[in-house]
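Right, one structure below, let's go through it.
Residue numbers (this note's numbering): 1241 to 1371.
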């Protein structure tokens, strides 16, 4: 294990090492770095990034697995949009449609909450008019 690998502290650093290994044609080293990165992965966006790296390594099955984990953690419309792009890159139309619909639904809900918050602000806090 090289000095860089010994110093890698989080998933993004392992992904960077994997990308470097891939750029140098060291596929097996890149795969090992991605596996290390997975052990530290937290959050949907990290798993989506790992999926892209696996796709670039020519491992669509690993990419699918990572996208599945990302879906289980997706919390907002932008993460669902990212997942739709990931599935699109792999050619899975049904998953693209599902993620797109979920993202649109979350965006609409967010918009409704924003509208309610603006109305609440415009009306003022309860009791303010009584002062």
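Ideal placement from N, C-alpha and C gives every residue a C-beta, glycine not left out.
Residue environment analysis places residue 1351 among the exposed positions, since fewer than 16 neighbouring C-beta atoms fall within 10 angstroms of its C-beta.
Only residues of its own chain outside the window of five on either side were considered, and among them 1295, 1300, 1303, 1304 have a CB closer than 7 Å to the CB of residue 1330, listed in chain order. 1281 is the residue among 1281, 1333, 1328 whose C-alpha sits nearest the C-alpha of residue 1313. The closest CA to that of residue 1307, considering only 1363, 1327, 1254, is found on 1327. With a 10 Å radius around the Cβ and a threshold of 16 neighbouring Cβ atoms, residue 1337 comes out exposed.
Residue 1356 counts as exposed, since fewer than 16 other C-beta atoms from the protein chains shown sit within 10 angstroms of its C-beta. Within the model, the alpha-carbon separation for residue 1320 versus residue 1266 is close to 32 Å.
In terms of Cα proximity to residue 1315, the closest of 1342, 1354, 1271 is 1342. Relative to the Cα of residue 1311, the nearest Cα in the group 1339, 1258, 1278 belongs to 1339.
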